[in-house]
Amino acid sequence: MKEMRLNEKNKVQLRDKEPVDLKTLQWFANQVEKLSIIKDKKTSVMVVTHLLGTTQGFLNEIEKRSTIQHIFAIPYSIETPTLKKLQEKHSVITPNSTTELEELLEEKCFQFLEHSSDPLIIQDIGGYAHRIASSNRVKDSNLLGIVEDTSQGHWRYERCANLHVPVISIAYSRLKNLENTRIGQAVVYSLENLLRSAFHEPLSGKHVVVLGYGRIGRAAALMLRGRAAIVSVYDVSPLARAHARLDGFKVDLKANLLPEADIVLGVSGHRSFDSEDISLIKHRTVLASGSSKSVEFDVPGIIKMSRDIYGINEYVECIELLNGKSVVLLYRGQPINFIHGSSLGGILDLVFTALFECGRVLEDGTMSPGLQNIPLNLEEEIVATWEQIHGYMPGDGLLERI
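Going by this note's numbering, the first residue of the sequence shown is number 34, and it counts up by one from there.
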């Protein structure tokens with residue numbers, strides 16, 4: 034029997050984390066080289082992303098066939114080891130806020146377009162390039178287009194009156210449906226972790242009001258029920274409310290549900306809780322978000338109604354209100370799943386491959402300006418390849434075609 038190797042403090046010796054498995058992404062990246070899709074001028078890429086350990090493999094594959102000009106770190110999802118590693122090779126910009134991120138992305142993009150004739154693609158998460166896409170400065174420019182990952186970003190591009198470059202979104206793809214289920218589960222994992230670390234309390238028996246019953250909200254509600262929480266749901270959409278009822282959840286008006294809540298979980302992707310809602314909740318209700326950025330709760334409005342704020346730990350704050358109540362805010366209203374790396378497993382191989390391949394489609398130069406979804410045939414090809422690579426289905430010759 035092998036002996037366990039211990040260090041000087043009598044603990045098991047640790048190694049670096051295993052990298053996330055991105056075999057499908059690597060396979061597609063290799064086909065790009067075989068097909069000589071890379072033109073005489075190497076495409077440049079600017080990437081807006083979460084700086085998590087899982088992101089490095091995606092960036093490595095982009096770098097093999099493109100020049101990464103800048104990486105823009107989303108402020109609420111930066112892991113220090115990943116940041117340091119990327120800074121050794123790349124220009125990594127770490128804005129203090131999402132507003133500053135948008136401004137710096139515009140500045141760097143227009144500087145590049147002014148001084149270089151090389152083709153440029155922006156990989157976006159959250160619609161930070163929406164003003165770039167609608168600016169007259171990109172008409173007939175070397176900006177080939179933008180790839181968008183999220184629903185919030187998709188909505189921002191939808192609201193633009195004119196888009197002068199192609200924007201390919203995977204937000205409403207079937208692949209993202211799979212990922213959003215995992216995100217909902219990651220949100221609940223982080224919620225319970227924070228409750229246990231700050232208050233030594235589990236989720237079981239807690240009344241959780243879920244605001245938003247889309248793909249992430251549904252996954253979160255189902256997992257909360259599995260953790261023996263008492264779950265109620267509100268959504269502005271009658272169809273979503275009907276879905277929640279059919280799944281067996283109590284559904285009511287938000288004003289009727291909030292007074293019962295021990296925890297309010299915002300997962301709508303929009304503002305779901307205004308400062309006026311504070312009057313409806315009970316003392317020490319916990320507010321948690323599972324949506325990108327800080328959209329779910331009116332945090333500035335809540336802070337204006339406070340007389341004192343103190344930290345319970347690094348991620349949990351107690352806000353004492355002027356009305357005598359207190360509210361517990363997790364991660365300043367930002368998505369709590371990123372506290373623990375938002376680990377999503379093998380689905381990332383599919384999502385990163387889709388983003389990568391959308392960039393390749395933009396390089397082909399056949400897309401018209403405007404917002405469009407990832408082509409269905411491309412999505413099918415990615416999933417079929419993923420199945421074969423991981424041995425889930427017998428091969429049909431797809432991997433031998435090239």
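Glycine is no exception: its CB is placed at the ideal position from the N, C-alpha and C atoms.
Between which two residues does the alpha helix (DSSP H) harbouring residue i extend?
i, result
"ASN213", "207-232"
"VAL416", "409-422"
"TYR190", "184-191"
"GLY259", "248-259"
"LEU290", "287-290"
Starting from the C-beta of residue i, find all residues in its chain whose C-beta is less than 6 Å away, skip the five residues before and the five after it, and write them out in chain order.
i, result
"LYS72", "Caution applies to LYS72, whose pLDDT of 47 falls short of 50 and renders its modelled position unreliable; the value that the coordinates give is listed next. No residues qualify anywhere along the chain."
"VAL81", "PHE105, ASP157, ILE158, TYR161"
"HIS123", "ILE101, ILE104"
"LYS358", "HIS316"
"THR214", "ALA252"
"CYS193", "HIS163, SER167"
Throw me the rounded Cβ distance for the residue i and residue j pair, which I believe falls under 8 Å.
i, j, result
"HIS148", "TYR190", "Not quite, the Cβ-Cβ distance comes to about 26 Å (not below 8 Å), so this is no contact."
"VAL264", "LEU257", "5 Å"
"HIS197", "ALA166", "7 Å"
"GLY238", "ALA261", "7 Å"
"LEU362", "GLU350", "5 Å"
"LEU85", "GLU121", "No, LEU85 and GLU121 are not in contact; Cβ-Cβ is about 17 Å, not under 8 Å."
"ASP382", "LEU119", "Contact doesn't hold; Cβ gap of about 20 Å is too wide."
"VAL319", "ASP295", "7 Å"
"ILE345", "ALA231", "5 Å"
"ASN406", "SER202", "6 Å"
"SER77", "PRO152", "7 Å"
Tell me which residue opens and which closes the beta strand (DSSP E) that residue i is part of.
i, result
"VAL181", "Looking at the sequence shown, residue 181 is not Val but Glu. Start and end: 176-181."
"ASN437", "Because residue 437 is not part of the residues shown, which for the chain are 34 to 435, the question remains open."
"SER265", "263-267"
"MET79", "77-84"
"PHE143", "No beta strand (DSSP E) contains PHE143, which is instead part of the alpha helix (DSSP H) from 131-148."
"LEU404", "403-406"
"PHE105", "100-111"
"HIS240", "240-244"
"LEU298", "296-299"
Heavy atom of the ligand NAD less than 7 Å from the Cβ of residue i, yes or no?
i, result
"VAL242", "Only the bare structure without any ligand can be found here, which leaves the ligand NAD out of the picture."
Who are the near neighbours of residue i in its chain, counting only those whose CB is closer than 7 Å to its CB and skipping five residues on each side?
i, result
"ASN210", "ARG248"
"ILE70", "Interpretation of ILE70 is limited by its pLDDT of 41, a score under 50 that renders its predicted location unreliable; the figure taken from the coordinates is listed afterwards. Correct list, in chain order: ARG393, GLU396."
"LYS97", "ALA62"
Could you pull out every residue in the same chain whose Cβ sits closer than 8 Å to the Cβ of residue i, ignoring the five residues on either side in sequence?
i, result
"GLY398", "LEU177"
"MET338", "SER308, ILE311, LEU354, LEU355, ASN356"
"ILE422", "LYS56, THR57, TRP60, LEU432"
"LEU137", "PHE105, ILE126, PRO128"
"THR115", "LEU84, LEU85, GLY86, THR88, GLN89"
"ILE415", "THR57, PHE61, LEU208, LEU383, THR386, ALA387, GLU390"
Among the options, which residue has its Cα nearest to the Cα of residue i?
i, options, result
"PRO402", "PHE306, ASN93, LEU255, SER174", "SER174"
"GLU329", "LYS118, GLY302, PHE389, THR132", "GLY302"
"TYR246", "LEU279, HIS240, VAL384", "LEU279"
"LEU228", "LEU291, LEU134, ILE369", "ILE369"
"SER110", "GLY424, CYS391, SER324, ASP331", "SER324"
"VAL180", "ASN226, ILE155, GLN367, MET400", "ILE155"
"HIS240", "ALA204, ARG340, PRO292", "PRO292"
"GLY281", "VAL266, LEU92, THR418", "VAL266"
Original post:
Which residue spans inside the region 327-387 form an unbroken alpha helix (DSSP H) run of at least 4?
Top reply: Counting only runs of 4 or more, we get 332-337.
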